[in-house]
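Participant: Taking the numbering used here, I'd label the letters of the sequence shown as residues 199 to 502.
I have a structure I would like to understand better, so I am pasting it below and will then ask my questions one at a time.
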Amino acid sequence: MERTQVVRRVGVVVLLANLGLAVLKAGVWLETGSLALVSEAVNSGSDALYSAVVVAGLYLTTQPPDFEHPHGHERIEPFVSLFVAVGVLGAGVAVAWSGISSLLAGSYSAVPPLAAVVLGVGAVAKFALYRYCLGVGETHHSPALVATAKDNRTDVLTALAALVGAGGAAVGYPVLDPIAAIVVAIGVFLTGVDIVRDNVGYLVGAAPPEDLRQDIVDAAFSHPEVQGAHDVVAHYVGPEVDVSLHIEVEGDMTLREAHDIETAVIQSIRELPEVDDAFVHVDPKELGEWKEEDRWRDERVSRE
199 MERTQVVRRV
209 GVVVLLANLG
219 LAVLKAGVWL
229 ETGSLALVSE
239 AVNSGSDALY
249 SAVVVAGLYL
259 TTQPPDFEHP
269 HGHERIEPFV
279 SLFVAVGVLG
289 AGVAVAWSGI
299 SSLLAGSYSA
309 VPPLAAVVLG
319 VGAVAKFALY
329 RYCLGVGETH
339 HSPALVATAK
349 DNRTDVLTAL
359 AALVGAGGAA
369 VGYPVLDPIA
379 AIVVAIGVFL
389 TGVDIVRDNV
399 GYLVGAAPPE
409 DLRQDIVDAA
419 FSHPEVQGAH
429 DVVAHYVGPE
439 VDVSLHIEVE
449 GDMTLREAHD
459 IETAVIQSIR
469 ELPEVDDAFV
479 HVDPKELGEW
489 KEEDRWRDER
499 VSRE
């Protein structure tokens with residue numbers, strides 16, 4: 199319940215912040231005519247649009263398990279992140295088009311300092327959103343919020359680039375304004391590519407990082423009766439990890455003893471925050487059905 203409330207609250211905060219920034223930038227653009235500022239207004243407008251989708255997506259992904267979705271709805275979240283990426287990429291193309299067209303046509307002019315002030319305010323607000331979303335996204339393992347944080351991080355840099363453009367135009371170098379718009383577009387586009395790359399692995403069942411795989415094996419070996427492990431398979435199912443592995447124990451144990459060990463190992467692995475579920479098969483260590491290169495050994499005991 200805590201994750202549900204926190205994640206949904208972050209989505210609403212980001213939506214309201216992006217709406218406010220979009221309105222502010224658009225209003226000042228109408229007064230100043232700054233291309234760098236209109237590019238930022240477009241970016242904030244697209245942020246507000248996809249933030250609304252993210253809020254809806256986060257509401258769906260945080261629904262409790264039901265009969266049709268016994269493992270919950272978290273697997274929807276990578277699709278929400280990819281939608282964010284599509285919106286970001288589209289905004290990047292639109293901003294690049296406006297900047298390049300203006301640069302080639304030479305249709306740019308100086309802008310007043312008010313545009314620079316608004317861009318500075320936007321950069322500060324985006325940095326605050328970046329830290330907020332990243333902290334919550336990493337703590338609660340939310341790829342949608344991490345994607346939103348990355349978008350806000352890039353927005354900080356691109357707002358600063360636009361600030362340079364507006365400032366240059368204000369002191370007599372108006373060509374910096376469309377150039378800054380192009381820099382904004384490049385940053386937005388790279389963020390979209392980064393978000394796609396992060397979330398494709400969740401959708402295609404990629405393996406988690408090696409350090410997490412090691413944590414899974416260490417959790418299995420935390421039980422004193424486990425002397426070996428093999429056929430360790432971990433893969434993403436949405437933003438969470440499913441695990442299957444074989445553990446090796448003394449072959450003369452009773453079925454009840456082996457079952458108790460299996461239950462304890464499953465519980466230890468499930469306690470890892472990244473893991474959704476674990477499936478453990480118990481083997482007699484004397485059986486030797488594994489390939490040696492696929493076997494993990496417990497360093498606490500000798501195998502010789």
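Glycine is no exception: its CB is placed at the ideal position from the N, C-alpha and C atoms.
Does the distance from the C-beta atom of Ala-215 to that of Leu-327 stay below 7 Å?
Facilitator: Contact: yes.
Participant: Just verifying my parser: in three-state terms, what is the DSSP assignment at Leu-470?
Facilitator: Three-state DSSP puts Leu-470 in coil, outside helix and strand.
Participant: Put Ala-239 into one of helix, strand or coil per three-state DSSP.
Facilitator: Correct three-state label for Ala-239: helix.
Participant: With C-beta atoms as the reference, is Ile-414 less than 7 Å away from Val-441?
Facilitator: Contact flag set, yes.
Participant: Closest to Ala-283 by C-alpha separation, out of Ile-380, Phe-477 and Val-344, would be which residue?
Facilitator: Here the closest residue by C-alpha is Val-344.
Participant: Give the straight-line distance between the Cα atoms of Leu-361 and Trp-227, rounded to the nearest whole angstrom.
Facilitator: Near 13 Å, if we compare the C-alpha coordinates of Trp-227 and Leu-361.
Participant: Expressed to the nearest angstrom, what Euclidean distance is found between the alpha-carbon atoms of Arg-501 and His-444?
Facilitator: The predicted position of Arg-501 is uncertain, since its pLDDT is 40 and thus under 50; no value can be drawn from it.
Participant: Between the alpha carbons of Val-499 and Pro-422, how many angstroms are there, rounded?
Facilitator: For Val-499, the predicted model reports a pLDDT of 47, less than 50, meaning its position is unreliable; a value from the coordinates is still stated below. Near 10 Å, if we compare the C-alpha coordinates of Pro-422 and Val-499.
Participant: Taking only the alpha-carbon atoms, compute the straight-line gap between Pro-341 and Leu-332 and give it to the nearest angstrom.
Facilitator: Their backbone Cα atoms lie some 10 Å apart in a straight line.
Participant: So, under 8 Å CB-CB, Gly-255 and Phe-387 are touching, yes? Tell me the CB distance rounded to an integer number of Å.
Facilitator: Their Cβ separation, rounded to whole angstroms, is 22 Å, which puts Gly-255 and Phe-387 out of contact at 8 Å.
Participant: Going by C-alpha to C-alpha distance, which of Ser-296, Val-212, Gly-243 and Val-205 sits closest to Tyr-257?
Facilitator: Looking at the Cα atoms, Val-205 is the closest of the given residues.
Participant: Using 8 Å as the cut-off, can you tell me whether the segment 450 to 458 makes contact with the segment 403 to 417, which would need three or more C-beta pairs spanning the two stretches below that distance?
Facilitator: No, the segment 450 to 458 does not touch the segment 403 to 417.
Participant: So, are the CB atoms of Val-322 and Val-382 less than 7 Å apart?
Facilitator: Cβ atoms of Val-322 and Val-382: not closer than 7 Å.
Participant: What are the start and end residues of the alpha helix (DSSP H) that includes Ser-299?
Facilitator: It spans 275 to 303 - the alpha helix (DSSP H) in which Ser-299 sits, taken as one unbroken run.
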